[in-house]
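Line by line, the protein sequences give chains U and Z.
Heads up: the first sequence at position 180 corresponds to 179 in numbering that gives the first Met the number 0, and the numbers run straight through without jumps.
Heads up: the second sequence at position 183 corresponds to 182 in numbering that gives the first Met the number 0, and the numbers run straight through without jumps.
Number of protein chains: 2
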Amino acid sequence: MSQSDIDHLIQLLSKLPGLGPRSARRATLYLISRRESLLAPLAKAMAEAAANVKVCGQCGNLDTTDPCAICADMKRDPSILCVVEDVSDLWALERSEAFTGQYHVLGGTLSALDGIGPDELNIEPLVQRVNTGVIKEVILALNATVDGQTTSHYLSDRLSEAGAQITRLAHGVPVGGELDYLDDGTLSAALKSRRSMS
Amino acid sequence: MSQSDIDHLIQLLSKLPGLGPRSARRATLYLISRRESLLAPLAKAMAEAAANVKVCGQCGNLDTTDPCAICADMKRDPSILCVVEDVSDLWALERSEAFTGQYHVLGGTLSALDGIGPDELNIEPLVQRVNTGVIKEVILALNATVDGQTTSHYLSDRLSEAGAQITRLAHGVPVGGELDYLDDGTLSAALKSRRSMS
């Protein structure tokens with residue numbers, strides 16, 4: 000086949016996470032059959048994202064402006080800083096609409112196995128931000144994995160002298176979760192942090 | 000969030016088959032973090048596909064030329080015509096490299112439930128192609144589903160007067176398949192069409 004344009008598109012699409020060669024072919028046929036309604040708009044949206052999306056110099060979020068819309072929002076509380084591993088975690092917290100402070104994206108976690116030390120992460124700018132004294136509370140919202148918790152402890156040490164309160168997310172039973180399906184660690188954490196019903 | 004470019008991209012990506020909102024967000028972050036190596040080339044490939052890909056007027060295949068590369072290939076045997084439901088089936092047969100004749104894409108199957116009759120499919124051009132007399136054999140390579148087989152029988156009737164031999168794909172045990180996992184219909188078809196070992 001000399002369908003170089005189509006093959007090239009399939010090959011690029013198959014590099015996306017969640018799409019293999021077979022689903023990339025399916026997606027390509029789907030796109031070509033919806034040329035005006037999906038393929039052309041998607042091409043345009045990707046070109047615009049490639050041209051316009053920036054990393055926020057203050058928090059590490061992705062947006063079309065720098066500083067990002069969250070950092071620039073005067074209604075958000077600048078005295079509470081939430082530290083997350085990745086932009087996807089920041090988006091998840093924003094979707095929950097439960098947090099109205101500022102964010103700081105680390106860009107990963109410390110990992111001895113993968114050779115990721117403090118210098119590979121966005122930690123030094125975090126320490127500087129906290130040391131300015133504006134921030135009263137730092138919430139370490141890292142994943143509840145071994146690497147995430149190691150990084151939380153490291154950050155807690157590094158930030159201890161700035162005078163801000165350091166907190167972490169609560170561990171416990173997920174809302175809607177059934178005890179029978181939970182692991183021992185979660186159950187024991189939920190039991191340890193039990194709360195009065197009143 | 001005012002990340003309109005990013006949200007727009009996520010929303011469009013989530014319309015692809017196999018990608019939901021969550022995997023579209025993941026794919027978007029993946030794309031943005033590989034801006035030069037993947038996002039920009041993918042935007043370009045999609046724009047080119049949107050501009051250049053045509054439906055072949057002869058067989059119904061998708062290509063950047065009309066007639067497509069397969070129809071225009073003088074080395075392929077014009078006396079054998081393989082009828083398939085969709086372009087994806089044509090691609091599958093081409094990947095097998097087992098067929099060197101020409102194709103005809105129906106664009107679907109007859110389906111009383113979905114209200115698809117002969118006029119909705121690429122059948123009249125097929126009858127005309129076969130009636131020219133160049134074609135000696137028509138292979139009905141439709142899916143082995145009820146609709147596919149109904150369509151095969153209908154086409155077999157319609158093409159019976161043209162003088163070409165009408166064949167269909169063999170039913171049987173898939174290569175690498177285990178008898179224990181096969182359905183009764185396949186086993187009985189494989190038994191009925193058993194072949195001499197010599």
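Ideal Cβ positions, reconstructed from N, Cα and C, are used throughout, including at glycine.
Remember, predicted model here, so these are calculated numbers, not experimental data.
Subject >> Span separating the alpha-carbon of residue 47/Z from that of residue 8/U >> reply: Position 48 of the second sequence, counted from the first residue, corresponds to residue 47/Z. Position 9 of the first sequence, counted from the first residue, corresponds to residue 8/U. Roughly 9 Å between the two C-alpha positions.
Original post:
Taking the C-alpha atoms as reference points, what is the distance between residue 161/U and residue 129/U?
Top reply: Locating residue 161/U in the first sequence gives position 162, counting from the first residue. Locating residue 129/U in the first sequence gives position 130, counting from the first residue. Distance between the alpha carbons of residue 161/U and residue 129/U: 6 Å.
Subject >> Opening and closing residue of the alpha helix (DSSP H) in which residue 80/U lies >> reply: On the first sequence, residue 80/U is found 81 positions in, with the first residue counted as 1. Looking at the DSSP string, residue 80/U is not in any alpha helix (DSSP H); the run it does join, the beta strand (DSSP E), is 76–83.
Original post:
Interface residues of chain U around residue 17/Z at Cβ under 8 Å?
Top reply: Position 18 of the second sequence, counted from the first residue, corresponds to residue 17/Z. Within 8 Å Cβ-Cβ: 17, 18, 22, 25 and 26.
Original post:
Counting Cβ pairs closer than 8 Å, one from the stretch 158–174 of chain U and one from the stretch 134–149 of chain U, do we hit at least three?
Top reply: Contact holds: three or more Cβ-Cβ distances are below 8 Å.
**OP:** Could you confirm whether any beta carbon from chain U is found closer than 8 Å to the beta carbon of residue 40/Z?
**Re:** Start at 1 with the first residue of the second sequence, and residue 40/Z comes out as number 41. Yes, residue 40/Z lies at the interface with chain U (some Cβ there is under 8 Å from its Cβ).
Subject >> Short CB-CB distance (under 8 Å) between residue 7/Z and chain U >> reply: Taking the second sequence and counting its residues from 1, the one referred to as residue 7/Z is at position 8. So yes, residue 7/Z belongs to the interface.
**OP:** Show which residues of chain U have a CB atom less than 7 Å away from the CB atom of residue 92/Z.
**Re:** As a position in the second sequence, residue 92/Z is number 93, starting the count at 1. Neighbours of residue 92/Z on chain U: none; closest Cβ ~11 Å, over 7 Å.
Original post:
What is the DSSP secondary structure of residue 100/Z, reduced to helix, strand or coil?
Top reply: Here the question's residue 100/Z lines up with position 101 in the second sequence. The answer is strand: DSSP assigns residue 100/Z an E or B state.
Original post:
If we count the other Cβ atoms within 10 Å of its Cβ and call it buried at 16 or more, is residue 152/Z buried or exposed?
Top reply: Here residue 152/Z refers to the residue found at position 153 of the second sequence. Counting Cβ neighbours within 10 Å, residue 152/Z comes out exposed, since fewer than 16 surround it.
Original post:
Using CA coordinates, which residue listed in 131/Z, 95/Z and 61/Z is at the minimum distance from residue 106/Z?
Top reply: In the second sequence, counting from the first residue as 1, residue 106/Z sits at position 107. Answer by Cα proximity: 61/Z.
**OP:** Spell out whether any CB of chain Z is found under 8 Å from the CB atom of residue 142/U.
**Re:** Within the first sequence, residue 142/U is the residue found at index 143, counting from 1. Output row for residue 142/U: interface = no.
**OP:** For the beta strand (DSSP E) holding residue 136/Z, just list the boundary residues, first then last.
**Re:** As a first step, residue 136/Z is located in the second sequence; it is residue number 137 there, counting from the start. Run containing residue 136/Z: 136–139, per the beta strand (DSSP E) assignment.
**OP:** Would you mind telling me which residues of chain Z sit closer than 7 Å to residue 121/U, beta carbon to beta carbon, in chain order?
**Re:** The residue given as residue 121/U occupies position 122 in the first sequence. By Cβ distance, chain Z contributes nothing, its closest Cβ being about 14 Å from residue 121/U, past 7 Å.
Original post:
Where residue 29/U and residue 56/Z are concerned, what is the direct C-alpha to C-alpha distance, given to the nearest angstrom?
Top reply: Within the first sequence, numbered from 1, the residue matching residue 29/U stands at position 30. Within the second sequence, numbered from 1, the residue matching residue 56/Z stands at position 57. Approximately 20 Å, taken between the alpha carbons.
**OP:** Please list, in chain order, all residues of the same chain as residue 75/U whose beta carbon is under 7 Å from its beta carbon, the five residues on each side excluded.
**Re:** If you number the first sequence from 1, residue 75/U lands on position 76. Cβ neighbours of residue 75/U beyond the five flanking positions: 69, 99, 100 and 101.
Original post:
What does a CB cutoff of less than 7 Å around residue 18/Z pick up in its chain, not counting 5 residues either side in sequence?
Top reply: The residue given as residue 18/Z occupies position 19 in the second sequence. Only 12 and 26 meet the Cβ criterion.
**OP:** Hey, could you find the ends of the alpha helix (DSSP H) residue 94/Z is sitting in?
**Re:** In the second sequence, counting from the first residue as 1, residue 94/Z sits at position 95. Looking at the DSSP string, the run of the alpha helix (DSSP H) that includes residue 94/Z is 86–95.
Subject >> Range covered by the alpha helix (DSSP H) that runs through residue 63/Z >> reply: In the second sequence, counting from the first residue as 1, residue 63/Z sits at position 64. In the DSSP assignment, residue 63/Z falls outside any alpha helix (DSSP H), carrying neither H nor E.
Original post:
Taking DSSP as the reference, what is the three-state secondary structure of residue 110/U?
Top reply: As a position in the first sequence, residue 110/U is number 111, starting the count at 1. Note: residue 110/U maps to strand in three-state DSSP.
**OP:** Quick one: list the residues of chain U neighbouring residue 86/Z, beta-carbon separation under 8 Å, in chain order.
**Re:** Taking the first residue of the second sequence as 1, we reach residue 86/Z at position 87. Under the 8 Å cutoff, chain U gives 28.
**OP:** Could you give the DSSP three-state label for residue 7/U: helix, strand or coil?
**Re:** Counting from one through the first sequence, the residue named residue 7/U turns up at place 8. Of the three classes helix, strand and coil, the one that applies to residue 7/U here is helix, per DSSP.
Original post:
Within the 8 Å Cβ cut-off, does residue 52/U reach chain Z?
Top reply: Stepping through the first sequence from its first residue, residue 52/U is reached at position 53. Yes, residue 52/U counts as interfacial toward chain Z.
Original post:
Is the CB-CB distance between residue 146/Z and residue 110/Z below 8 Å?
Top reply: For the purposes of this step, residue 146/Z is taken as residue 147 along the second sequence, with counting starting at 1. For the purposes of this step, residue 110/Z is taken as residue 111 along the second sequence, with counting starting at 1. Cβ distance < 8 Å, so residue 146/Z and residue 110/Z count as in contact.
Subject >> Distance between residue 77/Z and residue 59/Z (C-alpha atoms, nearest Å) >> reply: Locating residue 59/Z in the second sequence gives position 60, where the first residue counts as 1. Locating residue 77/Z in the second sequence gives position 78, where the first residue counts as 1. Going from the Cα of residue 59/Z to the Cα of residue 77/Z covers about 16 Å.
Subject >> For residue 167/U, the three-state DSSP class (helix, strand or coil) >> reply: Here residue 167/U corresponds to residue number 168 of the first sequence, with the count starting at 1. Strand at residue 167/U.
Original post:
Going straight from the alpha carbon of residue 97/U to that of residue 43/Z, what length do you get?
Top reply: Taking the first residue of the first sequence as 1, we reach residue 97/U at position 98. Taking the first residue of the second sequence as 1, we reach residue 43/Z at position 44. Cα to Cα, the separation comes out at about 39 Å.
Original post:
Out of curiosity, what's the CA-to-CA distance linking residue 182/Z and residue 90/Z?
Top reply: For the purposes of this step, residue 182/Z is taken as residue 183 along the second sequence, with counting starting at 1. For the purposes of this step, residue 90/Z is taken as residue 91 along the second sequence, with counting starting at 1. Looking at the two C-alpha atoms, the distance is approximately 26 Å.
Original post:
At a Cβ threshold of 8 Å, is residue 76/Z touching chain U?
Top reply: Along the second sequence, one-based indexing puts residue 76/Z at 77. Chain U contact via Cβ: absent.
**OP:** Could you please give me the residues that DSSP links to residue 54/U through a beta bridge?
**Re:** For the purposes of this step, residue 54/U is taken as residue 55 along the first sequence, with counting starting at 1. In DSSP, residue 54/U forms a bridge with 61/U.
**OP:** May I have the straight-line CA-CA distance separating residue 159/U from residue 136/U, to the nearest angstrom?
**Re:** To locate residue 159/U, count along the first sequence from 1; it is residue 160. To locate residue 136/U, count along the first sequence from 1; it is residue 137. Cα-Cα distance, rounded: 11 Å.
Original post:
For residue 92/Z, which residues from the same chain have a beta carbon less than 8 Å from its beta carbon, with the 5 sequence-adjacent residues on both sides left out?
Top reply: Position 93 of the second sequence, counting from 1, holds the residue named residue 92/Z. Sequence-distant partners of residue 92/Z (beyond 5 residues in either direction) whose C-beta falls short of 8 Å from its own C-beta, in its chain, are 81, 83, 98, 102 and 140.
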